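Numbering (this note's numbering), first residue to last: 100 to 398. Positions of the beta carbon are idealized from the N, C-alpha and C atoms, including for glycine. Note that the coordinates shown come from a computational prediction; the quantities given were computed from them, not determined experimentally. Working notes for the structure below.
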Amino acid sequence: MPPSAAVAGIGACYTASIASRLLKIALLALAAIALAAGCGGDGDSGGDQTEGLTSDELLQQSADAFAEEEAYRLSFEADIDTDVGPAALPPTTPLGLLAGLGTVSGEGPVQPPDASLDVAADFGPFSAQANITWVEERLFASLLGRDFEIETGDAIGDIDVGAAPRALLRWVQNPMETGRVEIDGVNTVELTADIDRDAVIDDLGPLLSSGGVSDDARAQLRDAFTRGEIKIWIGRSDLLPRQIEVGLALDGEVEEFNLVRLGLDAKLNFSEFGKSTTVSVPDDAQALPLDDLGSILGG
């Protein structure tokens, strides 16, 4: 084989590997969003509904207001810092997927539980993009000019974006009002809260290991938990969250996961609530098992 052909073949395999990796990371992103996201609406009318509410009451009523919403637009960006131990991590494992990832971002319409997000991931010197669509418990991916219906099997659990606020409340400890600011033209109340490390471990454990979290690993994760904060900006006129920022860090060896450090800083914004958008699937998408994605694309 001529050198140029060999290089082209290596490049094709690497591109396919990145594409496969991006799709699986996008699945993690969707799962994380279902665990950690809130929601937001448009407009600023109806007076100030936050008056007289404690911080705990404000969070609860915000979640209740979200549960009544049927459509919105989500954008998110997350910076991820992962350091693993000396043992090699298979790229099909959650931590293997996260290793080497710098940022992941996405944007698109959500009509719980359906969603269609344009997702981009930065792997340092390389980046990749894909559209991920979840409709009626079916997953579709469009990347490298091709459309696929991904047969995920047990790779991910049920995704229910509509259940997000209840999950978010599980993470919050000691909320306090820290300001009243304007977000995208809407008057909001800013709440700052600590993160309940046990709730985080319960919710993110499946993203660290498909085999669950043992008691020893749980104790090590709790000891490694060095930072956890959530900020939420809630609309004063309608009690809908407009923006959420989450920051957490695990710094300490967790032998079971071959993990040394994990940092996450994420920002989520929400808009166009009540604006219905049809979440449609690609035409003539090719059925494809998740594990076969790399080989089908040439990897």
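Is it the case that the Cβ atoms of residue i and residue j are separated by a distance below 9 Å?
{"i": "Ala219", "j": "Thr232", "result": "no"}
{"i": "Lys330", "j": "Ala292", "result": "yes"}
{"i": "Leu358", "j": "Thr181", "result": "yes"}
{"i": "Ile294", "j": "Val312", "result": "no"}
{"i": "Glu158", "j": "Val271", "result": "Checking the sequence shown, residue 158 turns out to be Leu, not Glu. Cβ distance < 9 Å, so Leu158 and Val271 count as in contact."}
{"i": "Gln160", "j": "Asp246", "result": "no"}
{"i": "Lys366", "j": "Glu176", "result": "yes"}
{"i": "Ile148", "j": "Asp337", "result": "According to the sequence displayed, residue 148 carries Gln and not Ile. In this structure, Asp337 lies closer than 9 Å to Gln148 by Cβ."}
{"i": "Leu347", "j": "Arg360", "result": "no"}
Can you grab the Cα-Cα spacing for the pair residue i / residue j, in whole Å?
{"i": "Glu169", "j": "Gly334", "result": "17 Å"}
{"i": "Asp322", "j": "Glu276", "result": "28 Å"}
{"i": "Ala229", "j": "Asp217", "result": "6 Å"}
{"i": "Ser370", "j": "Asp213", "result": "16 Å"}
{"i": "Thr376", "j": "Glu352", "result": "45 Å"}
{"i": "Asp315", "j": "Asp283", "result": "45 Å"}
{"i": "Glu50", "j": "Ala318", "result": "Lying outside 100 to 398, the shown extent of the chain, residue 50 is not represented and no answer is given."}
{"i": "Val345", "j": "Asp364", "result": "6 Å"}
{"i": "Glu250", "j": "Val234", "result": "13 Å"}
{"i": "Thr202", "j": "Gly362", "result": "11 Å"}
{"i": "Glu289", "j": "Ser204", "result": "23 Å"}
{"i": "Asp163", "j": "Phe372", "result": "15 Å"}
{"i": "Ala227", "j": "Ser215", "result": "17 Å"}
List the DSSP bridge partners of residue i.
{"i": "Ser379", "result": "Paired residue(s): none; Ser379 is not in a bridge."}
{"i": "Arg172", "result": "Pro208 and Ser370"}
{"i": "Asp364", "result": "Asp178 and Gly346"}
{"i": "Leu238", "result": "Trp233 and Ile249"}
{"i": "Gly327", "result": "Leu347"}
{"i": "Ala292", "result": "Ile329"}
{"i": "Pro388", "result": "Glu250"}
{"i": "Asn286", "result": "Glu281"}
{"i": "Asp221", "result": "Thr202 and Ser226"}
{"i": "Gly334", "result": "Thr287"}
How should residue i be labelled, buried or exposed, when 16 other C-beta atoms within 10 angstroms of its C-beta is the threshold for buried?
{"i": "Ser379", "result": "exposed"}
{"i": "Asp302", "result": "buried"}
{"i": "Thr287", "result": "buried"}
{"i": "Val183", "result": "buried"}
{"i": "Gly244", "result": "exposed"}
{"i": "Gly146", "result": "exposed"}
{"i": "Arg326", "result": "exposed"}
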